[in-house]
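In what follows, a structure is listed as structure tokens, so that the remarks can point back to it.
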Amino acid sequence: MRIFRAVAALVIGFLLGCLVTSAGEVIPRSTPVGGNDYTLEAKEYTKGWEQLRLEAYRDNTRFSIGYGTISYKGEKITLQEATKRFDDYWNKNIPSLTKYVNSKGQYMSLADTLYNKGGSVDRFLTQGRIDCEKIGKMDSINPKYYSGVKNRRVINYKLCTGELEWHEAIKRS
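Residue -11 is where the sequence shown starts when you use my numbering, and the numbers rise one by one after that.
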């Protein structure tokens, strides 16, 4: 069932990850929006980890809903509301990361870590550049959720170091 949900989340994420221009032309999510801005890929990667849930669920120390945004016990939302909440949170809390990274994999791992752990980008940098060792030390507050966080941090670390290519990481999230 977990594999089915993960595949379903990736398919839904892919479909939501396509942009439609005013002329109706579809731009696939693998096309960077500008230069080395891999926001679309990073969003889909994070959605794959978070998985879509339209009913509130217990998540570490709080209730979450949609793609891991804050919720309250018993809340239910639509796909559109889940996407809106995800985008609103991302736009408010995930800064432009291109000046900190050298590759799409580093961009995606840093953006996902920021989404998952919160806080300032500075806590994952050394001398103004991404520090893969800090990405790899992402821990869970609640030991019950440790295995999922461990898998995520290991893949983000490998993505950051280049040991894993971004397209391979998307399949695993």
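Where a beta carbon is used, it is the ideal one built from N, C-alpha and C, also for glycine.
Do Tyr166 and Leu85 have their C-beta atoms closer together than 8 Å?
Shown here, the chain extends from -11 to 161; a query on residue 166 therefore has no answer.
Buried or exposed, going by whether 16 or more other CB atoms sit within 10 Å of the CB of Asn144?
Indexing the sequence shown from 1 puts residue 144 at position 156. Its Cβ being crowded by 16 or more others within 10 Å, Asn144 is buried.
Contacts around Gly124, its chain only, beta-carbon distance under 8 Å, and the 5 residues preceding and following it disregarded
Along the sequence shown, one-based indexing puts residue 124 at 136. Within the same chain, Gly124 has close Cβ partners Arg141, Val142, Asn144, Tyr145, Cys148.
Taking a contact to mean a Cβ-Cβ separation below 8 Å, would you say Phe74 touches Tyr60 in this structure?
Your numbering for residue 74 matches position 86 in the sequence shown. Your numbering for residue 60 matches position 72 in the sequence shown. Cβ atoms of Phe74 and Tyr60: not closer than 8 Å.
Can the beta-carbon of Glu38 be found closer than 8 Å to that of Gly62?
One-based indexing of the sequence shown puts residue 38 at position 50. One-based indexing of the sequence shown puts residue 62 at position 74. Taking 8 Å as the Cβ cut-off, Glu38 and Gly62 do not qualify as a contacting pair.
Three-state class that DSSP yields for Glu151 in the structure shown:
Working through the sequence shown from its first residue, we reach residue 151 at position 163. DSSP places Glu151 in coil when its eight states are reduced to three.
Spatial neighbours of Cys120 in its chain, beta-carbon cut-off 7 Å, leaving aside the 5 residues before and after
Taking the sequence shown and counting its residues from 1, the one referred to as residue 120 is at position 132. Same-chain partners within the cutoff: Tyr145, Cys148, Thr149.
How is Ser97 classed by DSSP in three states: helix, strand or coil?
Reading the sequence shown from its first residue, position 109 is the one you call residue 97. Three-state DSSP puts Ser97 in a helix.
Please report the straight-line C-alpha distance between Trp154 and Ser108, rounded to a whole angstrom.
As a first step, residue 154 is located in the sequence shown; it is residue number 166 there, counting from the start. As a first step, residue 108 is located in the sequence shown; it is residue number 120 there, counting from the start. Answer to the nearest angstrom: the Cα atoms are 23 Å apart.
Could you name the residues of the same chain whose beta carbon sits closer than 7 Å to that of Arg117, not counting the 5 residues immediately before and after it, in chain order?
Counted from its first residue, the sequence shown places residue 117 at position 129. Same-chain partners within the cutoff: Tyr88.
Is the beta carbon of Gly54 less than 8 Å from the beta carbon of Arg41?
Counting from one through the sequence shown, the residue named residue 54 turns up at place 66. Counting from one through the sequence shown, the residue named residue 41 turns up at place 53. Result yes, Cβ atoms of Gly54 and Arg41 sit closer than 8 Å.
Give every residue of the same chain whose Cβ lies closer than 8 Å to the Cβ of Lys122, excluding the five residues on either side of it in the sequence, and list them in chain order.
Locating residue 122 in the sequence shown gives position 134, where the first residue counts as 1. Excluding residues within five positions, the ones whose Cβ falls inside 8 Å are Arg111, Phe112, Leu113, Thr114.
I'd like the span of the alpha helix (DSSP H) that includes Arg73, first residue to last.
For the purposes of this step, residue 73 is taken as residue 85 along the sequence shown, with counting starting at 1. Unbroken alpha helix (DSSP H) run through Arg73: 67 to 81.
Are the CB atoms of Lys72 and Glu43 within a distance shorter than 8 Å?
Walking along the sequence shown from the start, residue 43 turns up at place 55. Walking along the sequence shown from the start, residue 72 turns up at place 84. No. Outside cutoff.
Which of helix, strand or coil does DSSP assign to Lys122?
What you label residue 122 is simply residue 134 of the sequence shown in a count that begins at 1. It is helical.
Those residues which DSSP pairs with Gly54 across a bridge
Counting from one through the sequence shown, the residue named residue 54 turns up at place 66. Answer is Arg41, bridged to Gly54.
Whole angstroms is fine: what's the gap from Val8's alpha carbon to Thr27's?
To locate residue 8, count along the sequence shown from 1; it is residue 20. To locate residue 27, count along the sequence shown from 1; it is residue 39. Annotation note: pLDDT 31 at Val8 (below 50); position unreliable, no value reported.
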